[in-house]
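Notes follow once the structure below has been shown.
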Amino acid sequence: MLDLTELASVKTIDTTTVVFTLKAPRITFPNTLAVLGIVPEHTYKAEIYGRAPVGSGPFRLLSWTEGEQAIVKPNPCYYGAKSAFSKVTFLFTKDDSTYAAAKAGKLDVATMSNALAGGVPVGMGLVDAKTVDNRGLAFPMQPDTGRKTDKGYPIGNNVTSDPAIRKAVNVALDRKALAAAVLNAFGRPAYGPADDLPWDNPNHRLADADPAAARKILADAGWKPGADGVLEKNGIRAKFSV
């Protein structure tokens, strides 16, 4: 699902021109538009939509066995360079199965997880693609009021609702260590939600880990060490689950 609430109106000018008017300037809208699925009206039917995809890309779907494989062939109407392949088969397998098939020489190209990417099978090479797929932690910003979700989880948190806690985590977090350990060194630290994208602002990126600065943020906000060393404030311990 895409959020199009910022879209005010759409107007067709001629057979090849469409004007999108937004409620306010939004530099990221072209990115939303780029992944917006626009299809011919006759294909937009509940019983087939999403099961018989159409598009203007370099390939057409030849067959699809859900959960197993998809086979595509070159699109003769594609406007760009023609594919060198007469047919491409995509296999939907789990990491271990994919790795085993690659080692057995049954695959030409394989997408590997960070955990397995270090063991390149004989006869294959490693292609390290630079992408922007940033992940982060989202903390509750409201205090715990006793309310719960439908699944029984508390709504709000008395620790993370303090801005000082959230700021301290941002400042203390060692992103380089996370990239090295969690991503098995097949990743890079993320310092903002849009690193290196056209709308990225390098001046607003978070700095490298600074534990001393984090401690000062917490101390200035009134968080003090308890008897066991865990910070406390107003009887609340600075402890929460991630």
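Per the working numbering, the sequence shown starts with residue 0, numbered consecutively.
Quick reminder that beta carbons are idealized off the backbone N, C-alpha and C, glycines included.
Quick caveat, the model's predicted, so the values are computed rather than measured.
Taking buried to mean at least 16 other C-beta atoms within 10 Å of its own C-beta, is N200 buried or exposed?
exposed
Taking the DSSP output, what are the residues bridged to T64?
Q68
With a CB to CB cut of under 6 Å and the five nearest residues on each side skipped, what residues in its chain are close to K10?
V18
Mind checking who S55 pairs with in its DSSP beta bridge?
Beta-bridge pairing links S55 to no other residue.
When S85, S160, L90 are compared against Q68, the one with the closest alpha-carbon
L90
Would you give the residue range spanned by the alpha helix (DSSP H) that V229 belongs to?
Careful: V229 lies outside any alpha helix (DSSP H) and carries neither H nor E.
Please go through the same chain and pick out, in chain order, the residues whose beta-carbon is closer than 7 Å to the beta-carbon of W198, but skip the five residues on each side of it.
I26, T27
So, V131 versus L35, is the Cβ gap smaller than 7 Å?
no
In the DSSP output, which residue or residues are listed as bridge partners for L21?
L6
Assigned exposure category for T97 - 16 Cβ within 10 Å defines buried:
buried
Apart from the five residues just before and just after D94, which ones in its own chain have a Cβ nearer than 8 Å to its Cβ?
M111, S112, A114, L115
Boundaries of the beta strand (DSSP E) in which T88 is found, first to last residue
87-90
Return the Cβ separation of L61 and K72 in integer angstroms, given the expectation that the two are a contact with Cβ distance under 8 Å.
5 Å
In DSSP terms, what R165 is bridged to
Partner(s): none; R165 has no beta bridge.
Rounded to whole angstroms, what is the Cα-Cα separation between D2 and A103?
44 Å
Would you report the Cα separation of D13 and K81, rounded to the nearest angstrom?
29 Å
If you draw a straight line from the C-alpha of L182 to the C-alpha of R146, how long is it?
36 Å
Sorted by chain position, which residues of the same chain lie with C-beta nearer than 8 Å to K223's C-beta, five sequence neighbours on each side aside?
L230, E231, K232
At least 3 beta-carbon pairs within less than 8 Å: the stretch 137-155 vs the stretch 115-128
no
Do T20 and S8 have their CB atoms nearer than 7 Å?
yes
Can you say whether N157 is buried or exposed, counting buried as having 16 or more other CB atoms within 10 angstroms of its CB?
buried
Kindly indicate the opening and closing residues of the alpha helix (DSSP H) around S82.
It is not in any alpha helix (DSSP H) - S82 carries neither H nor E in the DSSP assignment.
Tell me the DSSP secondary structure of P29 in three-state form.
helix
Excluding sequence positions up to five away, which residues of its chain have a Cβ less than 7 Å from the Cβ of A213?
A167, V170, A171
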